[in-house]
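*Asks:* Pasting a structure here, questions to come.
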Amino acid sequence: MQNIYEVQASNRRKSWAVIVGFILFFTAAVWVLSQAFAVYLGYEPGGLGIVGIAFIISGLMSFGSYYYSDRIVLSISRARPADRKRDYQFYSVAENLSIGAGVPMPKLYVIEDTAPNAFATGRDPDHAVVVATTGLIQKLNRTELEGVVAHELSHIKHYDIRLMSIVSVLVGSIALLADFFLRASFWGGGRRDRKGGGGLIILVGLLFAILSPIIAQLIKLMVSRRREFMADAGAVTITRQPSGLISALKKIAADHEPLEVANKATAHLYIENPFKDKRKDAIGRFAGLFNTHPPLEKRLEALEKMS
Amino acid sequence: MSVEIILILAAAAVLVFWAVSTYNFFVSSKARIKAAKEEIGNQLKRQAELIPNLESSAKGFLKQEKAIFEALTSARKAVAKAVKSGDLQEMSDAGAQLAQVIPQISIAVEDNPEIKSDKVVTRLMEELRDTSDKVMFSRRLLIDLVADYNVRRVSVPSRFIASMFSFEELEGLKAPKEGEHLEVSSSDIRAPKVNL
Chain A
727 MQNIYEVQAS NRRKSWAVIV GFILFFTAAV WVLSQAFAVY LGYEPGGLGI
777 VGIAFIISGL MSFGSYYYSD RIVLSISRAR PADRKRDYQF YSVAENLSIG
827 AGVPMPKLYV IEDTAPNAFA TGRDPDHAVV VATTGLIQKL NRTELEGVVA
877 HELSHIKHYD IRLMSIVSVL VGSIALLADF FLRASFWGGG RRDRKGGGGL
927 IILVGLLFAI LSPIIAQLIK LMVSRRREFM ADAGAVTITR QPSGLISALK
977 KIAADHEPLE VANKATAHLY IENPFKDKRK DAIGRFAGLF NTHPPLEKRL
1027 EALEKMS
Chain B
3 MSVEIILILA AAAVLVFWAV STYNFFVSSK ARIKAAKEEI GNQLKRQAEL
53 IPNLESSAKG FLKQEKAIFE ALTSARKAVA KAVKSGDLQE MSDAGAQLAQ
103 VIPQISIAVE DNPEIKSDKV VTRLMEELRD TSDKVMFSRR LLIDLVADYN
153 VRRVSVPSRF IASMFSFEEL EGLKAPKEGE HLEVSSSDIR APKVNL
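Respectively, the protein sequence lines represent chains A and B. The first sequence begins at 727 in our numbering and counts up by one. The second sequence begins at 3 in our numbering and counts up by one.
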């Protein structure tokens, strides 16, 4: 039994630990790769120059998806703006909860799909969007809907979209660096002997080039799962009723209809994995490493501890 | 410059940054608490404006429920008076008075299937629930902000800043220390009916 403030504090600590781990790994990987580059090419390519290039390219690629995330996702998901009359429950619940959470009211959208799901996006609380499917609005009662919307508002309040965008930029730059390195070693095999004793660092660099994009991706997913736990706890802080979110998650999980408009790019945004492909054996556990969301049982367990 | 001087300067910079951001936390919290109080007044006003509406549409079906109707009328008068005076505590008390009437109306509605199926009444009940939710959430925001402020004011290390600039303890909403709201009445235990 933990009270909600303790849960919040421990979530924040764990989340920081994951993020610090990510930064340490990122620095180490970048350092090794740039050293290997230097040895390999036989000269220092402007110190961290090559890292800078990878960072800028990755940043440019992700900037659009970060800055226009709301508009892009909305057009991919074919959402329509919510209307107070037509989507009364959804609209008024979101209105009330944003009063309670002390954030500006997000823009609300509805996807016409019977699979119950919801997500939030937008770069900061002033440009936030909360989207729900018609299935969610119809299948949940008001208390359950409050739980789901509070979860999304809590993502917004804690700048989770911004955090995940930054993490994506970093993961992207590691992937690019590794790619540069692999391509360079493919083309210029003969230069290896220009500088003696560089064999080891090149070997390590090669190892890092192959492994670090995968490891970075795994840590990114760990960050994502941590933030889901945080958003669940944040939702309870707003509604003070874990039961609403618990029964909403159960209902959403029990529904086996996949969401048609969801794809790999938008999956991590939803409140529950929209693909519904779950296995409970060892393969399932291994696949769990690649999930954007923690397993439902773990989330329910954490929520039940609070009630 | 030697390493020591750089380290000392860096530590000083961190300390100053922390002190400034802690100070800003206290100042901005105070401003947000003031805004939260205004928000409660705002929501109570919105609720008050809904009551004449409720009264006129409830007149028809609440004829036999004289007591409820009278309670509603007096709640409306109290709210109107409180809104005029602009005093938050008074508004909040009047809102609480209203909050006691609403469950009675919903029970009366639940017990009468004829009324329950009426579109206007359903809509009105939804609006009522919504407006009392809004008041509740605006109060919650105030409670949370005040709690955050007061916790930071007494916990180490932010308390040093708080005492240096003598930030005083703030009061949230007063709740009466005794009374019905601290007890569970039989109508509270009734299992809620779910309309799907």
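Each residue gets a CB set at the ideal place from its N, CA and C atoms; glycine is no exception. Keep in mind it's a predicted model, so treat the numbers as computed, not measured.
Please identify the residue among S168/B, L172/B, V137/B, K136/B whose C-alpha is closest to the C-alpha of V153/B.
*Replies:* As a first step, residue 153/B is located in the second sequence; it is residue number 151 there, counting from the start. Here the closest residue by C-alpha is L172/B.
*Asks:* Could you say if the region 161 to 175 of chain B and the region 71 to 88 of chain B meet the contact criterion of at least three C-beta pairs nearer than 8 Å?
*Replies:* Judged by Cβ distances under 8 Å, the region 161 to 175 of chain B makes no contact with the region 71 to 88 of chain B, as fewer than three pairs qualify.
*Asks:* Going along chain B in order, which residues have a C-beta closer than 8 Å to the C-beta of S973/A?
*Replies:* As a working note, residue 973/A is residue 247 in the first sequence. Chain B residues near S973/A: none, gap ~11 Å exceeds 8 Å.
*Asks:* Measure from the C-beta of S736/A to each C-beta in chain B and report whether the shortest distance is under 8 Å.
*Replies:* On the first sequence, residue 736/A is found 10 positions in, with the first residue counted as 1. Chain B contact via Cβ: absent.
*Asks:* In chain B, what lies closer than 7 Å to N999/A by C-beta?
*Replies:* Indexing the first sequence from 1 puts residue 999/A at position 273. Simply none; closest approach about 26 Å.
*Asks:* Taking the C-alpha atoms as reference points, what is the distance between I978/A and P1020/A?
*Replies:* The count along the first sequence starts at 1 and reaches residue 978/A at position 252. The count along the first sequence starts at 1 and reaches residue 1020/A at position 294. Roughly 15 Å between the two C-alpha positions.
*Asks:* What residues of chain B sit near Y814/A, judged by a beta carbon separation below 8 Å?
*Replies:* On the first sequence, position 88 is the one that residue 814/A refers to. Those are E128, listed as they occur along chain B.
*Asks:* Following the continuous beta strand (DSSP E) through V829/A, name the residue where it begins and the one where it ends.
*Replies:* Reading the first sequence from its first residue, position 103 is the one you call residue 829/A. First-last for V829/A: undefined, no H or E at that position.
*Asks:* Between the region 816 to 847 of chain A and chain B, which residues of the former have CB atoms less than 9 Å from a CB of the latter, in chain order?
*Replies:* Going along the region 816 to 847 of chain A in chain order, one finds S818, V819, E821, N822, L823, S824, I825, G826, A827, G828 with a Cβ nearer than 9 Å to chain B.
*Asks:* Would you call Y817/A buried or exposed, if buried means 16 or more other Cβ atoms sit within 10 Å of its Cβ?
*Replies:* Residue numbering aside, residue 817/A sits at position 91 when the first sequence is read from its first letter. So Y817/A counts as buried.
*Asks:* Return helix, strand or coil for Y885/A, following the three-state DSSP convention.
*Replies:* Sequence index remark: in the first sequence, residue 885/A carries index 159 (1-based). The answer is coil: DSSP assigns Y885/A none of H, G, I, E or B.
*Asks:* Just to check, is the beta-carbon of D958/A closer than 7 Å to a non-hydrogen atom of the ligand ADP?
*Replies:* Ligands are entirely absent from the displayed structure, and the ligand ADP is therefore not among its contents.
*Asks:* Listing by chain order, which chain A residues have their CB less than 8 Å from the CB of E41/B?
*Replies:* Counted from its first residue, the second sequence places residue 41/B at position 39. The answer, in chain order, is I825.
*Asks:* Please classify A743/A: is it buried, with 16 or more other beta-carbons within 10 angstroms of its beta-carbon, or exposed?
*Replies:* For the purposes of this step, residue 743/A is identified with residue 17 of the first sequence, where counting begins at 1. Answer is exposed; the Cβ neighbour count stays below 16.
*Asks:* List the residues of chain A that R142/B touches, going by C-beta distances under 7 Å, in chain order.
*Replies:* Position 140 of the second sequence, counting from 1, holds the residue named residue 142/B. Here the neighbours are G826.
*Asks:* Indicate whether L889/A and V874/A have their beta-carbon atoms separated by less than 8 Å.
*Replies:* Locating residue 889/A in the first sequence gives position 163, counting from the first residue. Locating residue 874/A in the first sequence gives position 148, counting from the first residue. No. Outside cutoff.
*Asks:* Pull up the distance between the alpha-carbon of V756/A and that of Y794/A, whole angstroms please.
*Replies:* Here residue 756/A is taken as the residue at index 30 of the first sequence, counted from 1. Here residue 794/A is taken as the residue at index 68 of the first sequence, counted from 1. C-alpha separation (whole angstroms): 28 Å.
*Asks:* If you count every other CB in all the chains shown that lies within 10 Å of the CB of A935/A, and 16 or more means buried, which is it?
*Replies:* Against the first sequence, residue 935/A aligns to sequence position 209. Buried, by the Cβ-count rule.
*Asks:* Among Q943/A, R966/A, A961/A, which has the Cα closest to the Cα of I997/A?
*Replies:* On the first sequence, position 271 is the one that residue 997/A refers to. Per the Cα distances, A961/A.
*Asks:* Considering just the uninterrupted stretch of the beta strand (DSSP E) at T859/A, what are its terminal residues?
*Replies:* Numbered from 1 along the first sequence, position 133 holds the residue referred to as residue 859/A. Looking at the DSSP string, the run of the beta strand (DSSP E) that includes T859/A is 855 to 859.
*Asks:* With distances taken from CA atoms, which of P830/A, V895/A, Y731/A is nearest F748/A?
*Replies:* For this step, residue 748/A is matched to residue 22 along the first sequence. For the residues P830/A, V895/A, Y731/A, the minimum Cα distance to F748/A belongs to V895/A.
*Asks:* I'd like to know whether the C-beta of F139/B is nearer than 8 Å to at least one C-beta of chain A.
*Replies:* Residue mapping note: residue 139/B aligns to position 137 of the second sequence, counting from 1. Chain A contact via Cβ: present.
*Asks:* Give me the DSSP bridge partner(s) of I1074/A.
*Replies:* It is not possible to answer for residue 1074/A, since the shown part of chain A is limited to 727 through 1033.
*Asks:* Sorted by chain position, which residues of the same chain lie with C-beta nearer than 6 Å to S973/A's C-beta, five sequence neighbours on each side aside?
*Replies:* Here the question's residue 973/A lines up with position 247 in the first sequence. Taken in chain order, the residues that qualify are E870.
*Asks:* Going by the CB atoms, is the gap between E40/B and L143/B shorter than 8 Å?
*Replies:* Here residue 143/B refers to the residue found at position 141 when the second sequence is read from its first residue. Here residue 40/B refers to the residue found at position 38 when the second sequence is read from its first residue. Result no, Cβ atoms of L143/B and E40/B do not sit closer than 8 Å.
*Asks:* Alpha carbon to alpha carbon, what distance is there between I837/A and I802/A?
*Replies:* Within the first sequence, the letter at position 76 stands for residue 802/A. Within the first sequence, the letter at position 111 stands for residue 837/A. Computed Cα separation, rounded: 11 Å.
*Asks:* Determine the DSSP secondary structure at T847/A, reduced to helix, strand or coil.
*Replies:* Reading the first sequence from its first residue, position 121 is the one you call residue 847/A. It is a strand residue.
*Asks:* Would A942/A pass as a contact of F752/A if the rule is Cβ separation under 8 Å?
*Replies:* Counting from 1 along the first sequence, the entry for residue 942/A is found at position 216. Counting from 1 along the first sequence, the entry for residue 752/A is found at position 26. A contact, by the Cβ cut-off of 8 Å.
*Asks:* Measure the C-alpha to C-alpha separation of R812/A and S736/A and round it to an integer number of angstroms.
*Replies:* Start at 1 with the first residue of the first sequence, and residue 812/A comes out as number 86. Start at 1 with the first residue of the first sequence, and residue 736/A comes out as number 10. Spanning the two alpha carbons is a distance of roughly 40 Å.
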